[in-house]
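> Structure incoming, see below.
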């Protein structure tokens with residue numbers, strides 16, 4: 004797979020830089036006084052200072068009994084890596100929008116998922132499939 008590139012707005016470069024580096028454990032790449040590149044599980048995430056950053060959630064969709072925030076982004080992790088991240092985030096005191104858990108249990112596409120916000124209000128979802136071949140299954 005090729006890595007994706009995603010640029011997101013933040014209202015406070017220092018606070019978000021610390022979050023992605025120290026909480027998410029992303030390696031920092033190039034930067035300026037207006038943006039920072041990060042390695043997010045092999046993908047390029049760039050945080051950019053923006054005048055209208057923050058409160059990025061515009062809507063919600065009901066999915067499996069939860070209100071899923073829109074927009075959101077994240078990475079599909081290996082099962083063990085997802086559980087390690089969930090444990091680390093709990094230990095960091097991260098407040099979850101949707102607590103770590105299993106969605107579509109016993110159905111096609113069963114997955115572990117969790118939602119939380121970065122310091123600027125960008126919604127993140129990290130998920131995992133016990134059977135990765137079901138990533139796009141109907």
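In this note's numbering, the protein residues as written are 4 to 141. Note that the Cβ used here is the ideal one computed from N, Cα and C, for glycine as well. As the structure is a computational prediction, the values presented were derived from the model and not from experiment.
1. Pop quiz: residue 95 and residue 13 are said to be a contact at Cβ under 8 Å. What is the actual Cβ separation, rounded to whole angstroms?
2. Can you tell me whether residue 101 is buried or exposed? The criterion is at least 16 other CB atoms within 10 Å of its CB, across all chains shown.
3. For residue 46, which residues of its own chain have a beta-carbon under 6 Å away from its beta-carbon, when the five flanking residues on both sides are left out?
4. Which same chain residues, not among the five before or five after residue 122, have their C-beta less than 7 Å away from its C-beta?
5. Of the residues 107, 74, 129, 90, which one's Cα is nearest the Cα of residue 81?
6. With DSSP as the reference, label residue 64 as helix, strand or coil.
7. To the nearest angstrom, report how far apart residue 38 and residue 48 are at their CA atoms.
8. Counting along the chain, where does the beta strand (DSSP E) carrying residue 30 start and finish?
9. Expressed to the nearest angstrom, what Euclidean distance is found between the alpha-carbon atoms of residue 98 and residue 119?
10. Under the three-state reduction of DSSP, which class applies to residue 4: helix, strand or coil?
11. In terms of residue numbering, what span does the alpha helix (DSSP H) encompassing residue 90 cover?
12. Buried or exposed: which applies to residue 139, given that a residue is buried once 16 or more other Cβ atoms fall within 10 Å of its Cβ?
13. On the three-state DSSP scale, how would you describe residue 130?
According to the structure data:
1. Residue mapping note: residue 95 aligns to position 92 of the chain shown, counting from 1. Residue mapping note: residue 13 aligns to position 10 of the chain shown, counting from 1. With 8 Å as the limit, residue 95 and residue 13 do not qualify as a contact, their Cβ atoms being about 18 Å apart.
2. Indexing the chain shown from 1 puts residue 101 at position 98. Looking at its Cβ environment, which holds 16 or more other Cβ atoms inside 10 Å, residue 101 is buried.
3. Residue numbering aside, residue 46 sits at position 43 when the chain shown is read from its first letter. Counting only Cβ-Cβ distances below 6 Å, and skipping sequence neighbours, we find 6, 7.
4. Your numbering for residue 122 matches position 119 in the chain shown. 15, 18, 19, 22.
5. As a working note, residue 81 is residue 78 in the chain shown. Looking at the Cα atoms, 129 is the closest of the given residues.
6. Translated into the one-based positions of the chain shown, residue 64 becomes position 61. Reduced to three states, the DSSP call for residue 64 is strand.
7. Taking the chain shown and counting its residues from 1, the one referred to as residue 38 is at position 35. Taking the chain shown and counting its residues from 1, the one referred to as residue 48 is at position 45. Roughly 10 Å separates the two Cα atoms.
8. The sequence position of residue 30 within the chain shown is 27, counting from 1. Membership of residue 30 in the beta strand (DSSP E) is indicated by the continuous run 30 to 34.
9. As a working mapping, residue 98 is identified with position 95 in the chain shown. As a working mapping, residue 119 is identified with position 116 in the chain shown. Roughly 7 Å separates the two Cα atoms.
10. Stepping through the chain shown from its first residue, residue 4 is reached at position 1. Residue 4: coil per DSSP, three-state reduction.
11. Numbered from 1 along the chain shown, position 87 holds the residue referred to as residue 90. Unbroken alpha helix (DSSP H) run through residue 90: 82 to 94.
12. Residue mapping note: residue 139 aligns to position 136 of the chain shown, counting from 1. Per the 10 Å Cβ criterion, exposed.
13. Here residue 130 is taken as the residue at index 127 of the chain shown, counted from 1. Looking at residue 130 - three-state DSSP - the assignment turns out to be strand.
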